[in-house]
Amino acid sequence: MKTVVLLFHPHLDQSRVNKTLAAAAENAANVTVRNMYDLYPNFQIDVAAEQEVLKKADRVVFQFPTYWYSTPALMKQWEDDVLTHGWAYGSQGKALVGKEFVVATSTGADAENYTRGGDDNYWLAEFYRNLQDTAKLINMKYVRPFFTFDAEHITDDALARQAKRYAAYISQDSPLKILGPLQTEADYALPEL
Ligand SMILES: Cc1cc2nc3c(=O)[nH]c(=O)nc-3n(C[C@H](O)[C@H](O)[C@H](O)COP(=O)(O)O)c2cc1C
């Protein structure tokens with residue numbers, strides 16, 4: 001199982017959470033981490049190179065800090081440019097069929113905020129329904145996302161444990177659990193991986 005992590009963080013030098021998670025991922029077996037803002041500081045994405053990377057992977061992890069309940073801008077640019085008609089979708093677009101699609105995101109707010117009645121009103125998984133349907137359209141398997149909440153307060157110990165879990169999760173040889181359409185509160189709550 002070959003995993004590629006597409007890491008989208010515009011200020012990795014100032015990052016604590018994503019930097020720690022990415023370092024753990026880099027040391028895991030069969031995992032490659034690509035620092036996308038380093039590769040494309042001017043948003044000029046090399047589409048052929050990106051498609052080649054995807055072709056070789058069985059599992060694609062999109063790792064990013066949640067910005068404005070969404071992804072950093074370069075990830076959106078990457079989607080717009082790389083997931084082309086006739087390649088990723090459409091009657092001839094079969095390049096990504098069956099590959100796993102993993103969202104790995106961190107938030108400043110804590111998990112309690114991302115519940116019904118919490119400050120942010122919705123479960124975090126709900127904000128990423130756009131990615132879930134994108135995965136469906138390009139025939140990838142949308143598996144359980146990996147969330148790290150409360151980035152400002154997570155202790156060094158808890159972050160180290162989280163990084164270990166992350167590396168184990170994204171490098172596991174067996175297929176990851178597919179997340180179906182979200183319908184019940186339990187789906188949104190995303191119990192332990
Ligand atoms: C521009 C910007 C927008 C943000 N938007 C959100 C948000 O919508 N929800 C949230 O919980 N945290 C938000 N945050 C906090 C980041 O998600 C948090 O700082 C990040 O996950 C920490 O990871 P890092 O240590 O790798 O930078 C935002 C931060 C920035 C700079």
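Residues in the sequence shown are numbered from 1 upward in steps of one, following my numbering.
Even for Gly, the Cβ is constructed at its ideal location relative to N, Cα and C.
Relative to ligand 1, what is the chain-ordered list of residues with a Cβ closer than 5 angstroms to any of its non-hydrogen atoms? 15, 16, 17, 18, 65, 66, 67, 68, 69, 106, 107, 108, 109 and 151
Backbone CA spacing between residue 10 and residue 73 [nearest angstrom]: To locate residue 10, count along the sequence shown from 1; it is residue 10. To locate residue 73, count along the sequence shown from 1; it is residue 73. Spanning the two alpha carbons is a distance of roughly 9 angstroms.
Per DSSP, which residues does residue 147 bridge with? Please list them. By one-based count along the sequence shown, residue 147 stands at place 147. Residue 147 pairs with 105.
Under DSSP, the alpha helix (DSSP H) around residue 59 begins and ends at which residues? Numbered from its first residue, the sequence shown carries residue 59 at position 59. Element bounds for residue 59: not the alpha helix (DSSP H) but the beta strand (DSSP E), 59 to 65.
Straight-line Cα distance separating residue 114 from residue 69: Within the sequence shown, the letter at position 69 stands for residue 69. Within the sequence shown, the letter at position 114 stands for residue 114. Rounded to the nearest angstrom, the two C-alpha atoms are 11 angstroms apart.
Please state if the CB of residue 166 and the CB of residue 193 are separated by a distance shorter than 7 angstroms. Mapped onto the sequence shown, residue 193 falls at position 193. Mapped onto the sequence shown, residue 166 falls at position 166. Contact flag unset, no.
Considering only the alpha carbon of each residue, which of 84, 100 and 76 lies closest to residue 145? Walking along the sequence shown from the start, residue 145 turns up at place 145. Of 84, 100 and 76, the residue nearest in Cα terms is 100.
Cutoff 6 angstroms; reference residue 32; Cβ partners in own chain excluding five residues on either side: What you label residue 32 is simply residue 32 of the sequence shown in a count that begins at 1. Taken in chain order, the residues that qualify are 4.
First and last residue of the uninterrupted alpha helix (DSSP H) at residue 179: Stepping through the sequence shown from its first residue, residue 179 is reached at position 179. Looking at the DSSP string, residue 179 is not in any alpha helix (DSSP H), and its letter there is neither H nor E.
Return the CA-CA distance between residue 77 and residue 43, expressed in angstroms with no decimal places. To locate residue 77, count along the sequence shown from 1; it is residue 77. To locate residue 43, count along the sequence shown from 1; it is residue 43. Spanning the two alpha carbons is a distance of roughly 7 angstroms.
What residues match up with residue 164 in a beta bridge as DSSP calls it? As a first step, residue 164 is located in the sequence shown; it is residue number 164 there, counting from the start. Answer by DSSP bridge pairing: none, since residue 164 is not bridged.
Here's a check: name, in chain order, each residue in its chain whose Cβ is nearer than 8 angstroms to the Cβ of residue 56, leaving out the five neighbours to either side. Translated into the one-based positions of the sequence shown, residue 56 becomes position 56. So the list reads 2 and 4, once near-sequence residues are dropped.
Are the stretch 115 to 130 and the stretch 84 to 100 touching, with three or more C-beta to C-beta distances below 8 angstroms? no
Which residue wins for smallest C-alpha separation from residue 149, given the options 159, 97 and 175? Walking along the sequence shown from the start, residue 149 turns up at place 149. Measuring from the Cα of residue 149, the nearest candidate turns out to be 159.
Reduced DSSP secondary structure (H/G/I, E/B, other) of residue 99: If you number the sequence shown from 1, residue 99 lands on position 99. Coil.
Please confirm whether residue 195 and residue 125 have their CB atoms less than 7 angstroms apart. No statement about residue 195 is possible, as the shown extent of the chain runs from 1 to 193 and does not include it.
Using only the alpha-carbon positions, how far apart do residue 48 and residue 79 sit? As a working note, residue 48 is residue 48 in the sequence shown. As a working note, residue 79 is residue 79 in the sequence shown. Answer to the nearest angstrom: the Cα atoms are 13 angstroms apart.
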